[in-house]
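Novice: Residue numbers (mature numbering (1 follows the signal peptide of the UniProt record, and there is no 0)): -19 to -1, 1 to 228. Each residue gets a CB set at the ideal place from its N, CA and C atoms; glycine is no exception. Before I ask anything, let me first share the structure, which is written out below as structure tokens.
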């Protein structure tokens, strides 16, 4: 009887130990479609904390791409064992160039340089040639007409991560800036699909980066979270084991 309990408890523990992605988020609010934010301390802090967990990454700033409308974009990122090719697709996609210090008059502008990818959040998708375990991006003028952004991660299974952006109303958060990133030590993904709970939203996508499992080196200040179910099951296992020993 003791052996049967131990086997079942151990199996339950292993099943419950599925870790969730570690996320990083920072947002700086604006209310102008023509004036950029002078600084973005919250988004900067999230970006710095996220990248402190990665090695050998490259930031895609879209500066080398030709401007204009496009249906798909091919990019290359460094991986721990070779290049990671990424294909970006979606609706209303275009590479936009705006002069320094200005916007496109709709609240969108680059994070670095003069160019960014303009796309609709809804159905924006990135497919990777090999599995990734880390992803980060900057978004400008996103959620200004309401709606919460989410990322659907597709690999061996499907996970959905919600981006906790502020939900604006009628453009009330025009020109706001956010950074969102995540890494996952237990799962890898071959595609990411963006979505939003409102009826679509065009935004500026810029300074994106990806990493595979071999490029993740968690900083000591960012321990991998242990699901509460694992802690509860572990505690119950120890208590029951002590009880059985007494028998």
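1) Touch check for the region 35 to 45 and the region 15 to 25: three-plus C-beta pairs under 8 Å?
2) With a 10 Å radius around its C-beta and 16 neighbouring C-beta atoms as the bar for buried, classify residue 139 as buried or exposed.
3) Can you look up residue 206 in the DSSP assignment and give me helix, strand or coil?
4) Are three or more beta carbon pairs between the region 21 to 31 and the region 165 to 174 nearer than 8 Å?
5) In its own chain, which residues sit with a C-beta less than 6 Å from the C-beta of residue 181, not counting the 5 before and 5 after it?
6) Does the CB of residue 31 have a neighbour CB from chain B at under 9 Å?
7) Do the CB positions of residue 67 and residue 191 come within less than 9 Å of each other?
8) Just to confirm before moving on: does the CB-CB distance between residue 121 and residue 131 stay below 9 Å?
9) Determine the closest residue to residue 106 out of 136, 176, 9, 183, with distance taken between C-alpha atoms.
Specialist: Per the coordinate set shown:
1) Counting C-beta pairs with one atom in each stretch, the region 35 to 45 and the region 15 to 25 have fewer than three that are closer than 8 Å, which means they do not touch.
2) exposed
3) With a pLDDT of 42 at residue 206, under the threshold of 50, the predicted position of this residue should be treated as unreliable, though the coordinate-derived value follows. The DSSP-derived three-state label of residue 206 is coil.
4) no
5) 101, 103
6) The structure shown contains no chain B; it holds only a single protein chain.
7) yes
8) no
9) 176
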